[in-house]
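Worksheet for the structure shown next.
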Amino acid sequence: GESVGLHLPTLSVQEGDNSIINCAYSNSASDYFIWYKQESGKGPQFIIDIRSNMDKRQGQRVTVLLNKTVKHLSLQIAATQPGDSAVYFCAYGGSGGYNKLIFGAGTRLAVHP
Amino acid sequence: DTGVSQDPRHKITKRGQNVTFRCDPISEHNRLYWYRQTLGQGPEFLTYFQNEAQLEKSRLLSDRFSAERPKGSFSTLEIQRTEQGDSAMYLCASSLLQETTEAFFGQGTRLTVV
Numbered sequence: 534g535e536s537v538g539l540h541l542p543t544l545s546v547q548e549g550d551n552s553i554i555n556c557a558y559s560n561s562a563s564d565y566f567i568w569y570k571q572e573s574g575k576g577p578q579f580i581i582d583i584r585s586n587m588d589k590r591q592g593q594r595v596t597v598l599l600n601k602t603v604k605h606l607s608l609q610i611a612a613t614q615p616g617d618s619a620v621y622f623c624a625y626g627g628s629g630g631y632n633k634l635i636f637g638a639g640t641r642l643a644v645h646p
Numbered sequence: 195d196t197g198v199s200q201d202p203r204h205k206i207t208k209r210g211q212n213v214t215f216r217c218d219p220i221s222e223h224n225r226l227y228w229y230r231q232t233l234g235q236g237p238e239f240l241t242y243f244q245n246e247a248q249l250e251k252s253r254l255l256s257d258r259f260s261a262e263r264p265k266g267s268f269s270t271l272e273i274q275r276t277e278q279g280d281s282a283m284y285l286c287a288s289s290l291l292q293e294t295t296e297a298f299f300g301q302g303t304r305l306t307v308v
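As they're listed, the protein sequences go chains A and B.
Position 54 of the first sequence, counting from 1, maps to 587 under my numbering, and the rest follow consecutively.
Position 103 of the second sequence, counting from 1, maps to 297 under my numbering, and the rest follow consecutively.
Structure representation (structure tokens):
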């Protein structure tokens with residue numbers, strides 16, 4: 534079935550370094566990809582999204598890259614801070630954007646001082 | 195607080211009991227979604243509403259699960275005859291009508307069935 538998966542379950546980085554979290558997806562028909570951050574005990578928090586007609590989008594300290602050829606999505610976090618420690622999920626919108634989001638299993642980002 | 199609100203935050207129930215969770219979306223949001231999240235996994239879509247209409251419910255896990263949004267505002271998710279496998283975080287999200295606007299999640303209801 535459709536799935537969104539992540540390459541690395543845990544990523545440890547030093548404070549100030551850049552972080553890259555990767556994601557592979559299987560459904561090439563999706564038009565909309567999203568990254569969420571989830572801290573312990575909280576619901577997922579939207580970080581950034583990208584449409585399939587783009588290959589890069591930048592936000593504040595974050596960049597999302599989309600490679601449709603190999604069905605790969607990545608989230609880059611610049612100058613990682615302790616507050617970035619969380620689980621990160623990639624997801625894609627099912628038929629029609631945000632309806633029926635399909636999530637991957639998540640990558641835990643641990644930022645060390 | 196103008197975010198998505200869920201109640202209760204935690205629920206412990208005995209197997210076989212019925213439970214009901216409530217979600218209050220962001221006030222101007224037409225769409226409301228329910229997800230389930232088990233430990234170490236990403237959220238799993240269950241159902242969604244557009245105003246009071248339930249447009250997708252095929253992903254509800256069994257006929258023990260039902261959801262309502264009677265007035266197009268708050269929603270409830272009920273689980274009847276709970277089983278230990280129902281233990282999970284139940285998340286609600288809401289969004290505007292446009293399909294490409296972001297969905298905002300609540301903090302979830304943690305259900306433990308003992």
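Ideal Cβ placement from N, Cα and C applies to all residues, glycine included.
Checklist entry - Listed from N- to C-terminal order along the chain, which residues in the stretch 231-242 of chain B have their beta-carbon within a distance smaller than 8 Å of any beta-carbon of chain A? => result Gly234, Gln235, Gly236, Pro237, Glu238, Phe239, Tyr242
Assuming leucine 599 of chain A and leucine 608 of chain A are in contact, meaning their beta carbons sit under 8 Å apart, how far apart are those beta carbons, in whole angstroms? Their Cβ separation, rounded to whole angstroms, is 11 Å, which puts leucine 599 of chain A and leucine 608 of chain A out of contact at 8 Å.
### Message
Under DSSP, the beta strand (DSSP E) around alanine 612 of chain A begins and ends at which residues?
### Response
Taken as a continuous stretch (DSSP letters only), alanine 612 of chain A belongs to no beta strand (DSSP E), as it is neither H nor E.
- Message: Does chain B have any CB closer than 9 Å to the CB of asparagine 616 of chain A?
- Response: Note that residue 616 of chain A is glycine in the sequence shown, not asparagine. Chain B, which has no Cβ nearer than 9 Å to the Cβ of glycine 616 of chain A, makes this no.
Is the number of C-beta pairs between the stretch 635-645 of chain A and the stretch 252-267 of chain B that are closer than 8 Å three or more?
-> no
- request: Output the boundary residues of the beta strand (DSSP E) element that contains valine 597 of chain A.
  value: 595-600
Discussion item. Buried or exposed for leucine 254 of chain B, going by 16 or more other Cβ atoms inside 10 Å?
Written reply: buried
Can you have a look at threonine 276 of chain B and say buried or exposed, based on whether 16 or more other CB atoms are within 10 angstroms of its CB? buried
**Item:** Interfacial residues, the stretch 572-583 of chain A to chain B, with Cβ spacing under 8 Å
**Value:** Gly574, Lys575, Gly576, Pro577, Gln578, Phe579, Asp582
- Report the three-state DSSP secondary structure of aspartate 257 of chain B (helix, strand or coil). coil
- prompt: For a contact meaning CB atoms closer than 7 Å, what does glutamate 222 of chain B contact in chain A?
  reply: The premise fails here: glutamate 222 of chain B is roughly 15 Å from chain A at the closest Cβ pair, so nothing lies under 7 Å.
* If we call anything under 9 Å between Cβ atoms a contact, is tyrosine 565 of chain A one with arginine 584 of chain A? -> yes
Which partner residues does valine 661 of chain A have in the DSSP bridge list?
-> Past the edges of chain A, shown from 534 to 646, lies residue 661 of chain A, and the structure says nothing about it.
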